[in-house]
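Have a look at the structure below before the remarks.
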Amino acid sequence: MRSNPYKTSVVQIVHIIITTMSVRVRFAPSPTGYLHVGGLRTALYNYLFAKHHGGTFILRIEDTDQTRYVEGSVDDIVSSLEWAGIVPDESPQRGGDYGPYVQSDRTDLYRAYAKELIEKGMGYYAFDTAEELDRMRERQKAAGIAPRYDRSSMRNQFTLGPEETQRLLDLGEPAAVRMKVPITGEVKFHDVIRGNIVVPCKDVDDQILLKSDNFPTYHLANVVDDHTMAITHVIRGEEWLPSTPKHVLLYEGFGWEAPKFAHLPLLLNPDKTKLSKRQGDVATHDYINKGYFQEAFLNFIVLLGWNPSGEREIYSIDELVKEFQLEHVNKAGAVFDLKKLEWMNSQYMKSYVTNNLGYLVEQVQPTLRQRGVTASDEYVGNVVQLLHERITLITELADFGMYMFTDPVIDEEFKASVWKDNSADIIRGILDVIRTLDAENFNHDTVHNAISTYVKDNGMKFKDIGNILRLAVTGKSVGAGMMDTIAILGKDASVYRIERFLNSL
RNA sequence: GGUCCCAUCGACUAAUGGUUAGGUCACCACCCUUUCAAGGUGGCAGUACGGGUUCGAAUCCCGUUGGGAUCACCA
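Just so you know, we're using my numbering here: the first sequence kicks off at 1 and counts up by one.
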């Protein structure tokens, strides 16, 4: 195939024409808390798929359960997506031609379609109370059969008859609308990631479509919305797979063409269960607050379930858009491996140090100010450069590198382990050497040369002075190379620190 | 328990009937070295099991086992 570039390009062009016609996908979270990292990945895949095909990415809020609504969660979702750079083309905030984009603003629609379903004989009224349903399930459980709505024995329009049903309706009795699932036959559908799936109708429950509070359930609302919003591909988590037959049946009932389905593998805890709060941070804002880089986090999360080659790890968002293919999404769940995330973050750290140091300085300055430290951007940049290989998160810089901004605190344990009788004399000697250096021409090389000469002249090795010099200048046992550290501190600060240290002896 | 989904190194994955099963994280060793890192080199380690189909199977089919999801007037 490679040998015929002409053929390849024609195939590509046809592919592009077919697939860029009008891909429309949506991310549809419910405002019940924060944006889960699994949700972020779902949004990312939707976004990449849309952009890859030149299509439209839509944000829709699924708030049909009023009891679960959590104040502020829409803000969290929107701001987290914004942080990630996953910006919807249509959304409650932006609007669009297919709005409203909040389900609670669309309830008239769902009611009308529920009514249509009843008229078509695909839906029916049910009057059972929560207690009656509980008892039904208990009976079924006792009998050892699967809990399922028993259309033939419960209080619904079939067992009650048309007159009684109408009477109850007129009385304003609380009524739900259920889906009338065929007794026989099977539901077939195709999943882009998993292939063909067949489920016998007898295993599909008569799902509630419209609750007695007149709000729709997810099942009705998502089908109606996806159809009316002209969604072409439903890309969602695997947890929706078991209820997809219901949705397919609804599309058939309405006489609508169903969108293509793609069910994404789950994100997993280390013990392989569905990623949960109990075993670590699951909110996107947790990772934002910890200071993970946006690009690193996205890069990490996108590779959880999808990989364009297996030979490369670092991808820019543009490359991801270019490479993304639903067909290459894995079927099996992926463990969320923090260690690899940290590695990914440090890779980006390194690249920012060489390509975008200003970005890092911008991130560090607020945390320094919080600790009462004022330092120039230039100096902060130098320190970031000096220490970045020793931290994984840029937010750790202020803690790890505080000794570069304030008077050192002596690590007494370290001191005890390296301090010898002649140490003070050596430090004094080095201090004298540093004093002779030109403050204007004070850098790694001049410092290194001067100190090396001193070491050699006194018949020592660098090993003999390294630790005590570090102790005198930084107070700590770990840190960047001493010559660089002293050079960045500058002559005055270095002299001051060593003098201060000697005075404290 | 019913239904559905899934199964390559410890983890993320590549290999879509023909490779000594490749890469990355983690781990181990060595090198570098003034500490700690970073970096370099090398190593450990995998097709869950059993049957088929085929000249040839990680790859296709069946079964077993294991794991997961889901079974609400939640999404």
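Just so it is clear, CB atoms sit at the ideal spot from N, CA and C, and this is done for glycine as well. Predicted model only: the values in this text are computed from it and were never measured.
As summarised for the region 173–231, the continuous alpha helix (DSSP H) elements at least 4 residues long and confined to that stretch are 218–228, given in chain order.
As for any alpha helix (DSSP H) of minimum length 4 sitting wholly inside the region 231–276, the runs are 244–254, ordered along the chain. A buried status is given to V234, since no fewer than 16 other beta-carbon atoms sit within 10 Å of its beta-carbon. Rounded to whole angstroms, E173 and E163 show a C-alpha spacing of 14 angstroms. Contact annotation, S80 with T284: C-beta distance approximately 4 angstroms; criterion of less than 8 angstroms satisfied. Counting only runs of at least 4 residues, the region 77–120 fully encloses the following alpha helix (DSSP H) elements, listed from N- to C-terminal order: 107–119.
Around the beta carbon of Y496, fewer than 16 other beta carbons sit within 10 angstroms, so the residue counts as exposed.
In the same chain as E62, and ignoring 5 residues on each side of it, the C-beta atoms closer than 6 angstroms to its own belong to A28, S30 and Q103, in chain order.
When rounded, the separation of the alpha-carbon atoms in Y218 and L168 is 26 angstroms. In chain order, Y34, L35 and H285 place their CB closer than 7 angstroms to the CB of D76, counting only its own chain and leaving out the 5 sequence neighbours on each side. Counting along the chain, the unbroken alpha helix (DSSP H) around I486 starts and ends at M482 to L489. In the three-state reduction of the DSSP assignment, T436 falls in the helix class. When the alpha-carbon of L266 is set against those of G237, E257, K260 and D281, the nearest one is in G237.
DSSP places L505 in the coil class of the three-state scheme, outside both helix and strand. Pairwise C-beta distances place the region 83–99 in contact with the region 38–52, as three or more of them are shorter than 8 angstroms. In this structure, the straight-line span from the alpha carbon of M344 to that of K476 is close to 28 angstroms. Listed in chain order, the alpha helix (DSSP H) elements of length 4 or more contained wholly in the region 119–175 are 130–142, 157–160 and 162–170. With distances taken between CA atoms, Y47 lies nearest to R26 out of R26, E327, V364 and L471. A buried status is given to N156, since no fewer than 16 other beta-carbon atoms sit within 10 Å of its beta-carbon.
DSSP places W306 within a strand segment (E or B) once states are collapsed to three. Between V181 and D150, the CB-CB gap reaches or exceeds 9 angstroms. By the neighbour-count criterion, in which a residue is buried when 16 or more other Cβ atoms sit within 10 angstroms of its Cβ, H328 is exposed.
In this structure, I430 lies near I451, with their beta-carbon atoms less than 9 angstroms apart. In the DSSP assignment, A334 forms a beta bridge with L267.
Short of 6 angstroms from the beta carbon of I488, and not among the five residues preceding or following it, lie these beta carbons of its own chain, in chain order: N382 and L386. For A332, the closest of E186, K420, L393 and W306 by C-alpha to C-alpha distance is W306. Secondary structure note for V25: it is in no alpha helix (DSSP H), and the uninterrupted beta strand (DSSP E) holding it is R24 to F27. Across the structure, L341 and G39 are spaced so that their CA atoms are roughly 17 angstroms apart. For A50 against Y125, the beta-carbon gap comes to about 39 angstroms, at or over 8 angstroms, which does not count as contact. When the alpha-carbon of S423 is set against those of L502, E440 and K188, the nearest one is in L502.
Between the region 266–276 and the region 246–253 there are fewer than three C-beta pairs closer than 8 angstroms, too few to call the two in contact. With three or more CB-CB distances shorter than 8 angstroms, the region 389–406 counts as touching the region 287–297. Residues V418 of the same chain have their beta carbon placed closer than 6 angstroms to that of N467, with the five preceding and five following residues left out of the count. Assignment of T56 by DSSP, reduced to helix, strand and coil, places it in the strand class. For I61, the secondary structure class from DSSP, reduced to helix, strand or coil, is strand. For K491, same chain residues with a beta-carbon under 7 angstroms away, outside a window of 5 residues either side, are I434, L437, A439 and F442 in chain order.
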